[in-house]
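Written out below as structure tokens is the structure these notes cover.
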Amino acid sequence: MADLKKLAEEIVGLTLLEAQELKTILKDEYGIEPAAGGAVMMAGPAAAAEAAEEKTEFDVVLVEAGANKINVIKEVRGITGLGLKEAKDLVEAGGKVKEGASKADAEEMKKKLEAAGAKVELK
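Each residue of the sequence shown is one higher than the one before, counting from 11 in this note's numbering.
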């Protein structure tokens with residue numbers, strides 16, 4: 011009888027491509043078709059790591075205000091709702107303009123700030 015623990019470790023260590031190939035071999039040669047969750051289960055940590063890497067929330071970070079600070083301050087005020095002094099301080103110091111924004115919202119904010127002349131990162 012095969013060492014089941016060793017076999018389980020080998021299955022868990024398969025890459026996504028290898029797991030797909032194993033699924034095909036089991037189906038074509040032995041008539042065994044894994045259940046709906048079987049492919050994900052066989053992929054193990056590789057599939058879980060890929061799912062964990064997909065971010066849903068982003069921080070919009072102002073890296074540099076650029077030459078046209080006034081326009082950047084206006085955009086920051088529009089995004090954050092801060093007063094003039096607070097927005098000016100944020101633009102001069104740099105840092106997070108918005109935390110936990112959705113991908114679409116964060117990209118829209120980045121586009122507006124970059125159009126105003128700022129350098130922005132999404133983290």
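The beta carbon of each residue, even a glycine, is placed where N, CA and C say it ideally should be.
*Going straight from the alpha carbon of Gly68 to that of Leu32, what length do you get?*
As a first step, residue 68 is located in the sequence shown; it is residue number 58 there, counting from the start. As a first step, residue 32 is located in the sequence shown; it is residue number 22 there, counting from the start. It should be pointed out that residue 68 corresponds to Phe in this sequence rather than to Gly. Going by the C-alpha atoms only, they are around 37 angstroms apart.
*Confirm, please, whether the CB-CB distance from Lys98 to Val71 is below 8 angstroms.*
For this step, residue 71 is matched to residue 61 along the sequence shown. For this step, residue 98 is matched to residue 88 along the sequence shown. Their beta carbons are not under 8 angstroms apart, which means Val71 does not touch Lys98 by this criterion.
_Between the CA atoms of Glu85 and Gly23 - distance to the nearest angstrom_ = Locating residue 23 in the sequence shown gives position 13, where the first residue counts as 1. Locating residue 85 in the sequence shown gives position 75, where the first residue counts as 1. Using only the alpha carbons, I get a separation of about 49 angstroms.
*Same chain, Cβ closer than 8 angstroms to Glu20, neighbours up to 5 away in sequence not counted*: Here the question's residue 20 lines up with position 10 in the sequence shown. In its own chain, leaving out the 5 sequence neighbours on each side, no residue places its CB closer than 8 angstroms to the CB of Glu20.
*asked:* Taking the alpha carbon of Asp102 as the reference point, which residue from Ala75, Met119, Ala114, Glu39 has its own alpha carbon closest?
replied: Working through the sequence shown from its first residue, we reach residue 102 at position 92. In the sequence as presented, Asp is not what sits at residue 102; that position holds Glu. For Glu102, the nearest C-alpha among the options comes from Ala75.
*Could you tell me if Lys122 is buried or exposed, where buried requires 16 or more neighbouring beta carbons within 10 angstroms of its beta carbon?*
The residue labelled residue 122 in the question sits at position 112 within the sequence shown. Buried.
*Fully enclosed by the stretch 106-132, which alpha helix (DSSP H) runs are 4 residues long or longer?*
Inside the stretch 106-132, DSSP marks whole alpha helix (DSSP H) runs of 4 or more residues at positions 113-125, from first to last along the chain.
*asked:* By the three-class DSSP mapping on this structure, what secondary structure does Asp69 have?
replied: Here the question's residue 69 lines up with position 59 in the sequence shown. Note: Asp69 maps to strand in three-state DSSP.
*asked:* Is the separation between the beta-carbon of Ala126 and that of Val73 shorter than 8 angstroms?
replied: Residue 126 sits at position 116 when you count from the first residue of the sequence shown. Residue 73 sits at position 63 when you count from the first residue of the sequence shown. In this structure, Ala126 sits away from Val73, with a CB-CB distance that is not shorter than 8 angstroms.
_Distance check for Lys79 and Ala116, CA to CA, integer angstroms please._
Position 106 of the sequence shown, counted from the start, is the residue given in the question as residue 116. Position 69 of the sequence shown, counted from the start, is the residue given in the question as residue 79. Straight across, the Cα-Cα distance linking Ala116 with Lys79 is about 20 angstroms.
_Per-residue DSSP class, three states only, for Glu43_ = Sequence index remark: in the sequence shown, residue 43 carries index 33 (1-based). When DSSP states are grouped into helix, strand and coil, Glu43 belongs to the coil group.
_Among Glu39, Ile89, Glu109, the one whose alpha carbon lies nearest that of Thr66_ = For the purposes of this step, residue 66 is taken as residue 56 along the sequence shown, with counting starting at 1. With distances taken between Cα atoms, Thr66 lies closest to Glu109.
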